[in-house]
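Under this note's numbering, the first residue of the sequence shown is numbered 217, with each subsequent residue one higher.
Where a beta carbon is used, it is the ideal one built from N, C-alpha and C, also for glycine.
All values derive from a computational prediction rather than experimental measurement.
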Amino acid sequence: MSFNKQSLIWLAPLIAFCIGFLTAELGQPKEIAITLAITVWVGIWWVTEAVPIPFASLVPFVFLPAFGVIDFKEASSAFGSHVIILLMGAFLLAKGLESSGVHKRIAFNIINALGGTSAFRIIFAFMVASSVLSMWISNTATVLALIPVATAIALSANNRDFAVALLLGLAFSASIGGVGTLIGTPPNVIFASVYESYAGNEFGFVHWMKYGVPVVIVTIPIVALYLSRGITLNHKLELPEVGEWRTSERRALIVFLVIALLWIFRKHPFGGWSELTGMTLVGDATIALFGAMLMAIVIGDDNKPILNWQQAKTIPWDMLILFSSGICLAKGFAASGLSELIGSQLSSAFALPLFFLLLALCLSLSFLTEVTSNTATATLFMPILASVAIEKGIPMELIMIPAVISCSFAFCLPVATAPNSIVFASGQLTISDMAKKGVGLNIIGAVIVSTVVYVIH
Numbered sequence: 217m218s219f220n221k222q223s224l225i226w227l228a229p230l231i232a233f234c235i236g237f238l239t240a241e242l243g244q245p246k247e248i249a250i251t252l253a254i255t256v257w258v259g260i261w262w263v264t265e266a267v268p269i270p271f272a273s274l275v276p277f278v279f280l281p282a283f284g285v286i287d288f289k290e291a292s293s294a295f296g297s298h299v300i301i302l303l304m305g306a307f308l309l310a311k312g313l314e315s316s317g318v319h320k321r322i323a324f325n326i327i328n329a330l331g332g333t334s335a336f337r338i339i340f341a342f343m344v345a346s347s348v349l350s351m352w353i354s355n356t357a358t359v360l361a362l363i364p365v366a367t368a369i370a371l372s373a374n375n376r377d378f379a380v381a382l383l384l385g386l387a388f389s390a391s392i393g394g395v396g397t398l399i400g401t402p403p404n405v406i407f408a409s410v411y412e413s414y415a416g417n418e419f420g421f422v423h424w425m426k427y428g429v430p431v432v433i434v435t436i437p438i439v440a441l442y443l444s445r446g447i448t449l450n451h452k453l454e455l456p457e458v459g460e461w462r463t464s465e466r467r468a469l470i471v472f473l474v475i476a477l478l479w480i481f482r483k484h485p486f487g488g489w490s491e492l493t494g495m496t497l498v499g500d501a502t503i504a505l506f507g508a509m510l511m512a513i514v515i516g517d518d519n520k521p522i523l524n525w526q527q528a529k530t531i532p533w534d535m536l537i538l539f540s541s542g543i544c545l546a547k548g549f550a551a552s553g554l555s556e557l558i559g560s561q562l563s564s565a566f567a568l569p570l571f572f573l574l575l576a577l578c579l580s581l582s583f584l585t586e587v588t589s590n591t592a593t594a595t596l597f598m599p600i601l602a603s604v605a606i607e608k609g610i611p612m613e614l615i616m617i618p619a620v621i622s623c624s625f626a627f628c629l630p631v632a633t634a635p636n637s638i639v640f641a642s643g644q645l646t647i648s649d650m651a652k653k654g655v656g657l658n659i660i661g662a663v664i665v666s667t668v669v670y671v672i673h
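Here it is in C-alpha cells:
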C-alpha cells in the first residue's frame, strides 16, 4: 500500500470530523452533521480504495447507530433487503450458467448467425453476443468467456485496426449490455434499492427493462459503426464452431429461460402470473432464489448438479456488502434530514432545461467513473439525486436512471471497468487506443442515454 493510501486511512475520518463539526457550527442538526461526516468518510475510502471496499462499507453500519442517527436493527436490516437477496440469487443463477458452459454456446451461436465478411458485421456480432450475455451474467465472466475467441480472430485478420476495434467492442458491449436488466450490473440494483427507500414502492424487473433494453438496442449498433469505420478486411475470417449440446447446457438453459419468463411476466400483462395464481406475495427476489435452487438440484453431466457449493461460494460477496452499505447510508440520509437539506441546496443548481440537465449528469458521471468504482459512485450519488428530484418535483427515475446507466458507460481507461482491464491485459492494444475511441464514445453514450430516457419517460 502506498504512503498516500496509508495516510488516507486516517485522513478520511479526520476530514469527515472537520466537515461534520463545521456543519453543526453552521446551525444544522446534529444528525445531519453526523450523517454527512460518515458519508464523506466512507466516500473517501470507497473512491480511493485506501481500505478494501467491503471493509470500508462497514462504516455506516457501525457509526450511524453509534451516534444515534438510526438504531442497530434498522441499520442491520439493510443486509436483509429484498434487493440484496435478488442480487445474491442472480449471482447464483449466473454462476450456474457459467458452470454449465451454455453462456459460451449462446455467444458462439449469435456470432455465427450475425458474423459475415465485413469488419462491421464481425464486430457487431461479437458485441451483440457480449451484450446479451451481460444482461444476465457478470460482464467480467462474459468477456473472459469470449476473449480467447476474439483474440484468435483478431490475430488471424493481420489487421491491427480491426484487432483494436474488435477487442474494444467486446469490452464496451459487456458494459453496455449490463444496463439492459435490473441484475445486469451492480449500479442498477443500487438504483432500485435507493428508489424504493425514497418512493416507498418497488421498481420492478420489467419497469427497468423499459428503459434499459432500448438503451442497449440503440447503443450497440452505433458503437459498432463507430469502432469499425474505415476498416476493411482482405479475407474471410474463420468464426467459432459449436459442437453437440451437452446435458448440463440444455438443462441450465431451460432453468434460465424459465426464470427469465417468471421475472418478465410476474406482473404483466393483466396482473401477470402472480395475480392469476394468487401468489401476490412473490417478488423478483423470490424468483431469483428459486432459480438458484433449481441450478443446485437439477442434474447435469456426470450425474452431478449443474451448480455445486464449491462454485456457488465464489460469487462476489464483497459486492453484496457494498450494496447493503449503500442501503444503510440511504436510511441515514432519510432519517437525519440530510436528504431534504441536499435537495434544497442543490435545487437551484438543477435549473437547466430537463434534457440538458440529463445530458450534463450523464457526461459528468461517465467521465467520473473513469477513475472511480462505478458501483461506489452510484452508491454515493443515488441518494443525492433522489433528494434533488423530490425537491424539484421531478420523477426520481427520470434523473436517477440516466445517471446510474452512465456509471457503466466508461470507455476511456483500462481501470474504469473490469471488461476494459481484461481486454487491455490481452496485450493487443494500448491505453492510447482505448482513450482515443473512448472519449468519443463517452460523449455518444451520454447523448444516447439522456435522449432515450427523456423520450421514453
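Kindly indicate which residue of the options has the alpha-carbon position closest to the one of residue i.
i    : options                : result
F597 : P245, I543, W489       : I543
I515 : R466, G643, R321, L645 : R466
P618 : K652, C578, A602, T595 : C578
P532 : F283, A253, G305, S223 : G305
L308 : A602, A528, L645       : A528
D534 : S273, A341, G488, P364 : S273
T255 : E607, A546, K652, L371 : A546
A291 : A357, I600, A550       : A550
L455 : V434, I339, T463, W262 : I339
K246 : G284, P270, K221, A567 : G284
I353 : T397, R376, L371       : T397
L473 : G494, A508, G331       : A508
G656 : V587, V359, L629, L573 : L629
P521 : I647, I438, A468, E586 : A468
Y414 : I600, G488, L230       : I600
L382 : V405, E418, G331       : G331
G317 : F627, L523, I647, D287 : L523
A282 : A373, W525, G548       : G548
I363 : P437, W226, F288, V639 : V639
S464 : Q644, E491, A341, D518 : D518
A504 : S490, A476, G488, E607 : A476
Given residue i, which residues of its chain have a CB within under 6 Å of its CB, disregarding the five upstream and five downstream residues?
i    : result
S218 : At S218, the pLDDT of 47 sits below 50, so the modelled position is not reliable and the matter cannot be decided from this model.
A335 : F378, S444, I447, L449
T239 : A249, L252
K653 : L384
I399 : A306
H673 : L614
S603 : S555, I558, G559
State the CB to CB distance for the pair residue i and residue j, rounded to an integer number of angstroms; the pair is presumed to be in contact (CB under 8 Å).
i    : j    : result
G385 : A440 : 6 Å
I369 : V344 : Going by Cβ atoms, the distance from I369 to V344 rounds to 15 Å, so no, they are not a contact pair.
V395 : V431 : 6 Å
A310 : A357 : 7 Å
N658 : S582 : 5 Å
W257 : V275 : 6 Å
V405 : L303 : 5 Å
I660 : I438 : 7 Å
Only counting the same chain, and skipping five residues up and downstream in sequence, which positions put a Cβ closer than 7 Å to that of residue i?
i    : result
L224 : I260, T264, A266
S233 : Note that residue 233 is Phe in the sequence shown, not Ser. Cβ within range, chain order: A253.
S624 : S391, G394, V395, T401, P403, N590
K221 : T264, A266
L584 : T593
V642 : The question names Val, but residue 642 in the sequence shown is Ser. Once the five neighbours on either side are set aside, the close Cβ partners of S642 are I363, T367, L383.
T333 : L449, K452
N374 : none
Beta-carbon within less than 8 Å of residue i's beta-carbon, same chain only, minus the 5 sequence neighbours each way: which residues are those?
i    : result
G416 : none
L575 : A662, V663, S666
V668 : Y427, P430, V431, V434
L570 : I610, L614, Y670
V458 : R321, F324, N325, N328
Checklist entry - Between the stretch 545-555 and the stretch 485-504, do three or more beta carbon pairs fall short of 8 Å? => result no
Next on the checklist: Using a Cβ distance threshold of 8 Å, determine whether the stretch 607-621 contacts the stretch 632-644, with at least three qualifying pairs required.
Outcome noted: no
Item to check | Runs of alpha helix (DSSP H) lying entirely within the stretch 440-492, each at least 4 residues, in chain order | outcome: 463-480
Checklist entry - Counting pairs of beta carbons, one from the stretch 408-423 and one from the stretch 478-488, are three or more of them closer than 8 Å? => result yes
Item to check | Length at least 4, wholly inside the stretch 615-658: the alpha helix (DSSP H) runs in chain order | outcome: 634-641
Item to check | Touching by the beta-carbon criterion (3+ pairs, under 8 Å), the stretch 290-303 and the stretch 401-416 | outcome: yes
Item to check | Contiguous alpha helix (DSSP H) assignments of at least 4 residues, all confined to the stretch 273-307 | outcome: 275-282, 288-292
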